[in-house]
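One structure is given here, and the rest of the page talks about it.
There are 2 protein chains.
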Amino acid sequence: MEDLCLKNTLRLLQSADQIKARLSGDFSSVHGLSVNEVFLLMHLEQAPLHRLSRVELAKRMHVSASTVTRMAAPLEKIGVVARQADSRDARLAFVVLTQTGLERVAEARMTFAKQAGYVFRDRWTDEDLCQLSDLLHRLIADAPGDLT
Amino acid sequence: MEDLCLKNTLRLLQSADQIKARLSGDFSSVHGLSVNEVFLLMHLEQAPLHRLSRVELAKRMHVSASTVTRMAAPLEKIGVVARQADSRDARLAFVVLTQTGLERVAEARMTFAKQAGYVFRDRWTDEDLCQLSDLLHRLIADAPGDLT
DNA sequence: CCGAATCGCTTGCGCATGCAAGTTGTTTGC
DNA sequence: GCAAACAACTTGCATGCGCAAGCGATTCGG
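Sequence lines, in order, name chains A and B.
Residues in the first sequence are numbered from 1 upward in steps of one, following this note's numbering.
Residues in the second sequence are numbered from 1001 upward in steps of one, following this note's numbering.
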């Protein structure tokens, strides 16, 4: 029982490392964005009003708040996100997706899907993929920020 | 079809980030080893003679060769691995698990399994776990270095 | 054989990230 | 109301990592 959990956890982490290694290469060269930057944009995309506070973004991305601060700066500079204050709480500094950002994330999703296709190749049936999708969904169902 | 691949890839990466975030906390405080260091030791553990060359280790861990060099140094210092030369090829510098290292990785595996158990809690049946295990195995089957 | 290409490993450098401390703004307890 | 606790964000510092360059060792082509 516990051994099965261990096996699954190990395989999950190894699969993720493998996939991340494959993606990191082909990605930044295409869109000028890193994988993590695209993930940040995707989180904004699926959020109401296309915006999130920095701490909320940090929670959903499983990174520290300082990382969000530093990731957002260059993204503002290239105009894919903007900073937005809250009239009720002056501490809040929302990160909001711009129109340009929306277009960029749509493009990035395309190449992401293409690469994802290579990962599963042709040996996977739709049924396999649905099964895996359902199982993985149960792992992230309770946490906020599912990008699918 | 491609959307299913995309969905699975996103969920896989998100699940892995989530699990890694949970593990990183409870781990180094217990064994004085980081998650990645334990992974390195596990790769050695399942290798013939409990040893691997640095480049082979790099491939299996999906990191660069320089990372292996720098990870091995402190592990040598605390005595869980040792450096071993090859009589045939003087370029090779194997990383070999010591007796102490064997014990340490066994301990680490225990707490790893414990944490893995928390990840899946009690809502997962053995059948679910086997299904997920099989599916994930297909993702890493072609690459060397499966730790399970 | 000998030079050139290749390989395994290490090192310098830059970038990304977490942690802790600091700043500013808000909420709570009295 | 006011002080103390708390929250959101930023910044300094240390660490970990990839890339490219460098160095010794091996292999290959002639």
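Ideal placement from N, C-alpha and C gives every residue a C-beta, glycine not left out.
- Message: Is the beta carbon of A108/A closer than 9 Å to that of C1005/B?
- Response: no
- Message: Would you say V1119/B lies against chain A (beta-carbon separation less than 9 Å)?
- Response: yes
- Message: In this structure, how does DSSP classify Q1099/B when only helix, strand and coil are distinguished?
- Response: helix
- Task: Go ahead and pull the three-state DSSP assignment for A1021/B.
- Result: helix
- Going along the chain, which residues of the region 120-144 of chain A sit with their C-beta nearer than 8 Å to a C-beta in chain B? F120, R123, W124, D126, D128, L129, C130, Q131, L132, S133, L135, L136, H137, R138, L139, I140, A143
- In three-state terms, what does DSSP make of V1080/B? coil
- Message: On the DSSP letters alone, give me the boundaries of the alpha helix (DSSP H) that V1055/B sits inside.
- Response: 1054-1061
- Applying the criterion that 16 or more other CB atoms from any shown protein chain within 10 Å of the CB defines a buried residue, is K77/A buried or exposed? exposed
- By Cβ distance, which residues of its chain are closer than 6 Å to F978/B, with the 5 residues on each side in sequence left out? As displayed, chain B neither begins before 1001 nor continues past 1148, which places residue 978/B out of reach and without an answer.
- Message: What does DSSP give as the partner residue(s) for F1094/B in the beta ladder?
- Response: Q1084/B
- Query: Straight-line CA distance for L1097/B to I19/A?
  - Reply: 28 Å
- Message: Below 7 Å on C-beta distance, what does K1007/B contact in chain A?
- Response: S133, T148
- Query: Helix, strand or coil for R104/A per DSSP?
  - Reply: helix
- T100/A classed as buried or exposed, judged by whether at least 16 other C-beta atoms fall within 10 angstroms: exposed
- Query: Under the three-state reduction of DSSP, which class applies to R1051/B: helix, strand or coil?
  - Reply: strand
- Determine, using beta carbons only, whether L1041/B comes closer than 9 Å to chain A. no
- Query: In terms of residue numbering, what span does the alpha helix (DSSP H) encompassing L1033/B cover?
  - Reply: Element bounds for L1033/B: n/a, residue is neither H nor E.
- At a CB-CB cut-off below 7 Å, which residues of chain A make contact with A1058/B? Those within 7 Å of A1058/B in chain A number zero; the least Cβ separation is about 11 Å.
- Is it a yes or a no for the region 117-135 of chain A touching the region 1130-1137 of chain B, going by three-plus beta-carbon pairs under 8 Å? yes
- Item | Spatial neighbours of R121/A in its chain, beta-carbon cut-off 8 Å, leaving aside the 5 residues before and after | none
- Is there a Cβ from chain A that is less than 9 Å from the Cβ of D1089/B? no
- Message: Between which two residues does the alpha helix (DSSP H) holding L132/A run?
- Response: 126-140
- Query: For the candidate residues A1106/B, L1010/B, G1117/B, E1002/B, whose alpha-carbon lies nearest to that of H1043/B?
  - Reply: A1106/B
- Partners in chain A for S1015/B, counting only beta-carbon separations shorter than 8 Å: L12, A16, L136, L139, I140
- If we count Cβ pairs, one from each stretch, closer than 8 Å, do we get three or more for the region 1139-1146 of chain B versus the region 6-14 of chain A? yes
- Query: In chain order, what residues of the region 94-119 of chain A put their CB closer than 9 Å to some CB of chain B?
  - Reply: R109, F112, A113, K114, Q115, A116, G117, Y118, V119
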